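S.K.:
2 protein chains.
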Amino acid sequence: MQPEDLAEVRQLPLFRNMRQANFTSLMQGASAQSFATGRELIRQGAPADFLHVVVDGSVELHADWQGRTTTMAVVQPVGTFILAACVRDLPYLMSARTLEPSRLLLVPASDLRAIFRTDPEFAVSIVGELAGAFREMARHAKNLKLRSSRERIACYLLKQSQLAGSVDRFVLKVEKRLVASYLGMTPENLSRALKGLEADGVSIKGQTVTITDLARLRAACPPDILIDGPDPEPMSGGIGLPGPGLPDDCKLPPRR
Amino acid sequence: MQPEDLAEVRQLPLFRNMRQANFTSLMQGASAQSFATGRELIRQGAPADFLHVVVDGSVELHADWQGRTTTMAVVQPVGTFILAACVRDLPYLMSARTLEPSRLLLVPASDLRAIFRTDPEFAVSIVGELAGAFREMARHAKNLKLRSSRERIACYLLKQSQLAGSVDRFVLKVEKRLVASYLGMTPENLSRALKGLEADGVSIKGQTVTITDLARLRAACPPDILIDGPDPEPMSGGIGLPGPGLPDDCKLPPRR
DNA sequence: GCAGCGTCTTGATATAGATCAAGTAGCATC
DNA sequence: GATGCTACTTGATCTATATCAAGACGCTGC
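One line per chain: the protein sequences are A and B, in this order.
For the first sequence, the residue numbers in full-length UniProt numbering are 1 to 256.
For the second sequence, the residue numbers in full-length UniProt numbering are 1 to 256.
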């Protein structure tokens, strides 16, 4: 575990305010591990033994039922999963798999539960984190129920643009099939919708998105902070999809 | 505020373990109010000034966008809303309206935030509550994404039966149009799906549901605890729909 | 440079669910 | 008892999206 990794983990809102002795203790009981692409890290239904912290790489959270699967989030550094299962000591509701070679820190859930009962500042951070995670998932459910798939895509792109600093050209950091799955549609449907949105102010080439007419796009599919977020303060938990990259420095990870 | 109401509120998992002095203080700063049917209690986007506790009656949580609306939960006694917005001091993501004459306790969110920082047991309860709320909303999103509307209805009825003690005849405590909206479909679609499910082991007359062939219904639409829940320990927060009533004692509230 | 593989796009078709309309049933009020 | 209103059911039609298939593109490994 590199010292600079520890410093980044320490800076997460979840851990930032806990007592140093407690943070040191938690990290000493944790283990850092590297995983290859495609590795299943946790399986839905399994006991929540560890809080996972993604230090490097990319992890997909997905859920499955009767052979069907859906992407629930993509977690990138430095993000965590799944806090709620750990604090309640209940089975994971989602599975996790690496999308590329990744390094993670595995924090024993039992250590976490022991410490937060004695560290009031840590408990406050956990409360903030869980409230944020609930809100993010509530916005996701609202998005699914209130909007058509074309509206979800358009608003997703508008939010990515905003997260990138209201630029009009940015790069998606997640494969389109995962964006489609997260937004509750098939890749074919995403592709067709993107094609149709070219008339409404957005064009896509590979992972690069260009907003060609922001006002028109916003008029066609009005974004709403109560659905699209984000909340004012950041969270550590990996809920939703990661923000965009800028055109010069961003590529999807190599395959395999 | 009746003493027996206070006792019931005290018994909620959220409040059960907090220090008596703190509970007393919180309740002294709260106000009890009665509202007629159809009254809007909170509006999405408004600051979260109060944690609401439903002491009597029934409240619908709904979300709206561009003239569209969807039911996110129905809260009945004794249940609360919306803890996450209160602890993060952020705007409500949902609106609330009474479905019938109701009595609620309004607990100032600022009091709540002040107390939980100094009452570790209360903070632990809040952590448990928020984790449970997150899990419930995650299961809702999974249900919406992984299942067809017919599967969602069938699994909803199987869960209601289980909550009623695995009886084969029970009464829905929520109007069908709200069940439909919560499950992400139109009332017409719910009606047609229920008609179609008669061949798979369930029949409905008004609000009364009879499971006529449990094995067949379970085979047709396999329930899954990772989607349908519930988690082992109850929560106070009003997420989802309320459980069923038994045939002898349950009616929807009178209109107006 | 080529073969293999996975992602993405495009076309054709099927279907789940929405929309619109009309009728029925039940409840509350007068 | 009659009237009005709302929830619900049923019918007809439309549409958004899924499914299946095939081809294009780009990347990796040899």
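Glycine included, C-beta positions come from ideal geometry on N, C-alpha and C.
All values reported here derive from a predicted model rather than from experimental measurement.
1. By DSSP, does residue 102 of chain B sit in helix, in strand, or in coil?
2. Between which residues of its own chain and residue 184 of chain B is the CB-CB distance below 6 Å, once the five residues before and five after are set aside?
3. Looking at chain B, which residues of the segment 126-145 of chain A have a Cβ within less than 8 Å of any of its Cβ atoms?
4. Kindly indicate the opening and closing residues of the beta strand (DSSP E) around residue 24 of chain B.
5. Quick check on residue 108 of chain B - is its C-beta less than 8 Å from some C-beta in chain A?
6. When burial is assigned at 16 or more other CB atoms within 10 Å of the CB, is residue 246 of chain A buried or exposed?
7. Is the CB of residue 70 of chain A under 8 Å away from at least one CB in chain B?
8. Helix, strand or coil for residue 47 of chain B per DSSP?
9. Cβ closer than 9 Å: which chain B residues qualify as neighbours of residue 180 of chain A?
10. Among the candidates A/162, A/5, A/195, A/98, whose CA atom is the shortest distance from the CA of residue 244 of chain A?
11. Report yes or no: do three or more beta-carbon pairs, one from the segment 50-61 of chain A and one from the segment 123-137 of chain A, lie closer than 8 Å?
12. Closer than 7 Å by beta-carbon distance: list the chain B residues that pair up with residue 224 of chain A, in chain order.
13. Helix, strand or coil, according to DSSP, for residue 128 of chain B in the structure here?
14. Kindly confirm or deny that the segment 220-232 of chain B and the segment 41-56 of chain B touch, where touching means at least three C-beta pairs closer than 8 Å.
15. Which chain B residues sit within Cβ distance under 8 Å of residue 117 of chain A?
16. Can you name the residues of chain B whose CB is closer than 8 Å to the CB of residue 87 of chain A?
17. Cα separation between residue 235 of chain A and residue 241 of chain B?
18. Tell me the DSSP secondary structure of residue 184 of chain B in three-state form.
19. Please report whether the beta-carbon of residue 184 of chain A lies at a distance below 8 Å from any beta-carbon of chain B.
20. Starting from residue 228 of chain A, find everything on chain B with Cβ-Cβ shorter than 7 Å and list it in chain order.
21. Which residues in the same chain as residue 6 of chain B place their Cβ atom closer than 8 Å to its Cβ, once the five residues preceding and following it in sequence are excluded?
22. Under the assumption that residue 38 of chain A contacts residue 97 of chain A (Cβ atoms under 8 Å), give the Cβ distance between them as a whole number of angstroms.
23. Evaluate the contact criterion for the segment 75-87 of chain B versus the segment 105-120 of chain B: three or more CB pairs, one atom per stretch, below 8 Å.
24. Helix, strand or coil for residue 195 of chain A, going by three-state DSSP, please let me know.
25. Taking Cβ to Cβ, would you say residue 216 of chain A is nearer than 8 Å to residue 132 of chain B?
26. Can you grab the Cα-Cα spacing for the pair residue 200 of chain B / residue 254 of chain B, in whole Å?
27. Is residue 121 of chain B helix, strand or coil when you go by DSSP?
28. Please identify, using Cβ separations under 8 Å, the residues of the segment 9-35 of chain B that lie next to chain A, in order along the chain.
29. Could you tell me the boundaries of the alpha helix (DSSP H) in which residue 33 of chain B lies?
30. Closest to residue 33 of chain B by CA distance: which of B/17, B/50, B/21 is it?
31. So what does residue 205 of chain A bridge to, in DSSP terms?
32. Looking at the structure shown, is residue 3 of chain A part of a helix, part of a strand, or coil, going by DSSP?
33. Can you name the start and end residues of the beta strand (DSSP E) that residue 73 of chain B belongs to?
34. Let me check understanding here. Comparing Cα to Cα, which of A/165, A/74, A/103 lies closest to residue 177 of chain A?
35. Quick one: what's got a C-beta closer than 8 Å to residue 121 of chain B's C-beta in the same chain, skipping five residues either side?
36. For residue 236 of chain A, name the three-state secondary structure that DSSP assigns.
M.R.: A quick look at the data gives this:
1. strand
2. 144
3. 126, 127, 128, 130, 131, 132, 133, 134, 135, 137, 138, 139, 140, 141, 142, 144, 145
4. Unbroken run through residue 24 of chain B is the alpha helix (DSSP H), 20-28; no beta strand (DSSP E).
5. no
6. exposed
7. yes
8. coil
9. Here the premise fails: no neighbours, minimum Cβ distance about 12 Å.
10. A/162
11. no
12. Near residue 224 of chain A (Cβ distances below 7 Å), the residues of chain B are 65.
13. Helix at residue 128 of chain B.
14. Using a C-beta cut-off of 8 Å, the segment 220-232 of chain B makes no contact with the segment 41-56 of chain B, since fewer than three inter-stretch Cβ pairs fall below that distance.
15. 120, 124
16. 127, 128, 131
17. 28 Å
18. coil
19. For residue 184 of chain A, the answer is yes, since a Cβ of chain B falls inside 8 Å of its Cβ.
20. Going along chain B, no residue has its Cβ under 7 Å from residue 228 of chain A, so there is no contact; the nearest lies around 10 Å.
21. Counting only Cβ-Cβ distances below 8 Å, and skipping sequence neighbours, we find 27.
22. The beta-carbon distance between residue 38 of chain A and residue 97 of chain A, rounded to whole angstroms, is 6 Å. This is short enough to meet the 8 Å contact definition.
23. Short answer: they touch.
24. helix
25. Cβ atoms of residue 216 of chain A and residue 132 of chain B: not closer than 8 Å.
26. 32 Å
27. helix
28. Of all residues in the segment 9-35 of chain B, none has a Cβ within less than 8 Å of some Cβ in chain A.
29. Counting along the chain, residue 33 of chain B falls outside any alpha helix (DSSP H), though it belongs to the beta strand (DSSP E) covering 31-35.
30. B/50
31. For residue 205 of chain A, which the question treats as bridged, DSSP gives the partners A/208.
32. helix
33. 68-75
34. A/74
35. 17, 18, 19
36. coil
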